[in-house]
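Only one structure is covered here, and it is reproduced in the block below.
In our numbering, the protein residues as written are 7 to 178.
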C-alpha cells in the first residue's frame, strides 16, 4: 500500500513519527506491512511512503529529537514523491537533541538526481549514538556533480553501524 503524509515544513519533524521512546530492552518497532527489501521482485506490493505536497520538502519518517530506541523496518521511498529538504534526508535520525538506538532496516530508496547543492540524502543522521543502518537498497544514486549528495550522511554520530547495504546504479 501507499501511505501519504503531510509535511510539517519543519526540519526535524517527520511526516510519520512516533512521539514516544522505547528502551534498549523494549524498543518501539514500526514494520512495513509489505516490506520492500524482503520482496525486491514484487515492486507493486511494497509499503511506500509519500508526501501529500512535494513542494514542501520534508523528511518522511525517522526518530525526532529525543525519541530513543525506535526501529523502522521495510519501507520504500522514491525521491519523486518525497523530495528531501536541504541539509536533511527522506529519513532523519537525530537533530538538536541526541537520539540513541535508532535502526533503519530493509528500506529501498530510489534516489533521483538532485540538482541543488545542499546535502540531499536518503538517510540523514545527526547528534546520535548507537544508530544502525542495515540491509537497505539504494538505487539510482547520483549527485549531478555535486559533492553534497549521498545516500547516508552523518554528523556527530557516535557508534554508528552501517552494514550489509546494497547500492545499484550509483554514480559520482
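No residue lacks a Cβ here, since even glycine has one placed at the ideal position from N, Cα and C.
Note that the coordinates shown come from a computational prediction; the quantities given were computed from them, not determined experimentally.
Buried/exposed call for residue i, threshold 16 Cβ in 10 Å
i, result
"residue 12", "exposed"
"residue 43", "buried"
"residue 163", "buried"
"residue 46", "exposed"
"residue 75", "buried"
"residue 126", "buried"
"residue 165", "exposed"
"residue 106", "buried"
Alpha-carbon to alpha-carbon, residue j and residue i
i, j, result
"residue 23", "residue 48", "26 Å"
"residue 61", "residue 86", "11 Å"
"residue 116", "residue 173", "10 Å"
"residue 128", "residue 28", "24 Å"
"residue 72", "residue 34", "14 Å"
"residue 103", "residue 25", "14 Å"
"residue 5", "residue 70", "The requested residue 5 is not part of the displayed model; the chain covers only 7 to 178."
"residue 108", "residue 31", "13 Å"
"residue 67", "residue 175", "24 Å"
"residue 138", "residue 112", "11 Å"
"residue 88", "residue 79", "18 Å"
"residue 56", "residue 14", "13 Å"
"residue 157", "residue 84", "13 Å"
"residue 110", "residue 7", "19 Å"
"residue 50", "residue 21", "23 Å"
Same chain, Cβ closer than 6 Å to residue i, five either side skipped, listed in chain order
i, result
"residue 130", "94, 95, 98, 159"
"residue 82", "42, 52, 54, 114"
"residue 39", "53"
"residue 58", "10, 12"
"residue 77", "33, 35, 109"
"residue 161", "132"
Other residues of its chain near residue i: CB distance less than 8 Å, five sequence neighbours each side excluded
i, result
"residue 91", "17, 63, 64, 65"
Counterpart residues of residue i in DSSP-defined beta bridges
i, result
"residue 106", "135"
"residue 12", "Partner(s): none; residue 12 has no beta bridge."
"residue 54", "8, 82"
"residue 163", "134"
Same chain, Cβ closer than 7 Å to residue i, neighbours up to 5 away in sequence not counted
i, result
"residue 170", "140, 141"
"residue 100", "131, 132, 133, 134"
"residue 136", "106, 107, 165"
"residue 37", "79, 80"
Residue range of the unbroken beta strand (DSSP E) whose run includes residue i
i, result
"residue 45", "Neither: residue 45 is in no beta strand (DSSP E) and is coded neither H nor E."
"residue 71", "Note, residue 71: premise wrong, no beta strand (DSSP E); not H, not E."
"residue 19", "No beta strand (DSSP E) contains residue 19, which DSSP labels as neither H nor E."
"residue 113", "Unbroken run through residue 113: none, as it is neither H nor E."
"residue 145", "143-145"
"residue 60", "Per DSSP, residue 60 belongs to no beta strand (DSSP E) and is neither H nor E."
Contact test: residue i Cβ vs the ligand GTP heavy atom, cutoff 8 Å
i, result
"residue 58", "Only the bare structure without any ligand can be found here, which leaves the ligand GTP out of the picture."
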